[in-house]
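Trainee: Positions in the sequence shown are counted from 1; adding 688 to them yields this note's numbering.
Cβ coordinates follow ideal geometry from the N, Cα and C atoms, glycine included.
All figures in this text were calculated on a predicted structure; none of them were measured in a lab.
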Amino acid sequence: MVYFWYRRAFISKKKIVFLEDDRSGSNSRALFNYFSKDSRFAGFELVLLRDQSLVSVRQQLSFLQNIFNARVIFTTHQSVRLNLRQIHVQLWHGFVIKNNGVMFSLERGSGKFRGVPDWRRATYILSYSGTNTALLNACMVTDPAKYVITGAPRNDLFFDGGRQFRRSRFECLFGFDSQTKVVVVALTYENGMSSVVELVTALNRALFVEHNLFFLVKVHPALLPKTPFESGDERIRIVSQASPELCDLDLYELLDVSFCLITDASSVFIDYLLLNRPIIFFTQDRAAGLADRGFLIDNLNDFLPGERTSTAAELNLAIERISRGDDKFSRHRSNFRKICFRHEDGQASSRWADFISRQLN
C-alpha cells in the first residue's frame, strides 16, 4: 500500500531532504547547514530528518511524506530512492578501510555472491579521491560513474575558522584550561564497550598532570550503555548519547580542538589527517573483534600513519613521547593524506551545492 501511495505522490521540485542516522560527524547535517545559508536554495524547502527518532505513528507518516515529496535526498547510510524522478546522493559515513558490503560477505565465507541492491538506487555517491572510489566500489559494486569526488562536508568544519570559539566552549563545558592538551579517543564498535574500558584502564594517570592532558572518549553511536560509563578521573570524560548534556556534541568539533587522536582502526583517522596532528593506534583487542571484520588492505599496520601500540606500556610511552613534542610520523601522515584526499580546502559542501544546483537547473 505504501508503494502504491508513493507512486502517486507529488514530488516538489524545490524540496531537499537530508537524512542522518546520528548527529555526530554527520555529512547530511553539515550539508543541511551549508544549504540553509546558500542564497541559491533560499526558495527551497530544506528538511533535516533523523531516522532513529521515529517513535510514533504520526512521526513515521511525516517522515514518509517528506521522503515521498522530496526532489533530492541526501543520506549518510541507507539508500532511499523509490522514484526515478528523485535525485538520491549517498554521502556514506567515512573512508572505507574495513571490509564492507560484498567484501564483508566474502570474508565471512558466505559462499554466494550477493550485490548491494540499495546502492543501485543511488544517483550519485560521495568520494574523497580515486583511491576512495576504488575501495568503496570494491565493497558496494555499482556504476563507478556515480562517484563524485568532493570530499566529506563534515570535514569543512576543520577549515571554518571557528576553532578558538569551540575551544573556549569546551573549556567551560569540561573545566580544563587554555594550556591543556586535549586527547580525543575514538574507537570502533566491533569489540563493544570492553575496548573503551580497557583503554581507559590502561592510561597512566601520572602523565595527566605531568603533561596537562585531558582525555575525551567519544563512544561510538552503536555502543550506547544504558547508564553513563564513568572513568573515575576528572581528566577523563566519556562522551556518549547516554549523557544527555553531551549527546549533541559533534565528534568533529572535539577533533578540531584536540592535539592528538587515539583510535584502533576507526576510519575517523583518515579525516584527522587533514589536521596533520599526531595519531596513536591502540589495537590491544583487534584479534577479538576487528580481525573478524577484516580489512581491505593487507598488513595494515605497515601503512598506519602513527604510533602503533598493543599494550598499556606501549600506549603510555607513545602518549608521553607525543606530549613532549616528539612527532616522528608527520611526513608519513602527509604522504598518506595525499593518497586519500583529492581536495584539502574545506570546500566539500560548496562543491555539492554547485553540483546539485546544476542538476536542478
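1. Using 8 Å as the threshold, is the segment 940-948 in touch with the segment 850-866, meaning 3 or more CB pairs across them?
2. Taking Cβ positions, are Glu708 and Arg728 nearer each other than 9 Å?
3. Just verifying my parser: in three-state terms, what is the DSSP assignment at Arg711?
4. I believe Asn757 touches Phe983 by the beta-carbon criterion, under 8 Å. Please report the beta-carbon distance rounded to the nearest angstrom.
5. Grouping DSSP H, G and I as helix and E and B as strand, with all else coil, what is Phe792?
6. What would DSSP say about Leu814, mapped onto helix, strand or coil?
7. Could you name the residues that DSSP lists as bridge partners for Tyr835?
8. Could you work out which residue in Val804, Ala718, Val735, Asp726 is closest to Ile704 when comparing CA atoms only?
9. Check this for me: beta carbons of Ile837 and Arg1046, under 9 Å apart or not?
10. When the Cα atoms are used, what is the spatial distance from Met791 to Pro805?
11. Could you work out which residue in Pro966, Gln766, Phe846 is closest to Thr807 when comparing CA atoms only?
12. Taking Gln747 as part of the alpha helix (DSSP H), name the residues at either end of that continuous run.
13. Pairs of beta-carbons, one from the segment 992-1005 and one from the segment 818-829, closer than 8 Å: are there three or more?
14. Identify the continuous beta strand (DSSP E) that holds Leu901 and give its terminal residues.
15. What is the DSSP secondary structure of Ala976, counted as helix, strand or coil?
16. With a Cβ-Cβ cutoff of 9 Å, do Ser712 and Lys906 count as a contact?
17. Alpha carbon to alpha carbon, how far is Lys1016 from Asn1049? Give it in angstroms, no decimals.
18. Would you grab the beta carbon distance between Ala874 and Leu949 for me? Rounded to a whole angstrom, and I think it's under 8 Å.
19. Using the Cβ count rule (16 or more neighbours within 10 Å means buried), how would you classify Ala1006?
20. Starting from Ile761, trace the beta strand (DSSP E) in both directions and tell me its first and last residue.
21. At which residues does the alpha helix (DSSP H) containing Phe858 begin and terminate?
22. By the 10 Å Cβ neighbour count, where 16 or more other Cβ atoms means buried, how is Arg923 classified, buried or exposed?
23. Which whole-angstrom value describes the C-beta separation of Trp780 and Leu823, a residue pair presumed to lie in contact below a C-beta threshold of 8 Å?
24. Ignore the nearest five residues each way along the sequence and tell me which others in Ser1037's own chain have a CB closer than 7 Å to its CB.
25. Closest by CA to Gln1035, which one among Lys702, Asn715, Glu886?
26. Between the beta-carbon of Phe846 and the beta-carbon of Tyr940, is there less than 9 Å?
27. At what residue ranges does the segment 976-1038 contain a whole run of the beta strand (DSSP E), taking only runs of 3 or more?
28. Which residue marks the beginning of the beta strand (DSSP E) containing Leu736, and which one marks its end?
29. Within a Cβ cutoff of 6 Å, which residues of the same chain sit near Phe864, ignoring the five residues on either side of it in sequence?
30. In the DSSP output, which residue or residues are listed as bridge partners for Gln778?
31. Which stretch, first to last residue, makes up the beta strand (DSSP E) that contains Ala874?
32. For Cys827, which beta-bridge partners are listed by DSSP?
Mentor: By the coordinates alone:
1. yes
2. no
3. coil
4. Asn757 to Phe983, Cβ: 41 Å. No contact.
5. helix
6. strand
7. Ile813
8. Val735
9. no
10. 14 Å
11. Note that residue 807 is Trp in the sequence shown, not Thr. Among Pro966, Gln766, Phe846, the Cα nearest to that of Trp807 is on Gln766.
12. 745-757
13. no
14. 901-906
15. Unreliable placement is indicated for Ala976, whose pLDDT of 47 sits below 50; no coordinate value is reported for it.
16. yes
17. 50 Å
18. 7 Å
19. buried
20. 760-763
21. 851-862
22. buried
23. Going by Cβ atoms, the distance from Trp780 to Leu823 rounds to 11 Å, so no, they are not a contact pair.
24. Ala718, Leu719, Tyr722, Pro841, Asp844
25. Asn715
26. yes
27. 995-997
28. 733-738
29. Phe902
30. Thr763, Ile813
31. 869-874
32. Per DSSP, none; premise fails for Cys827.
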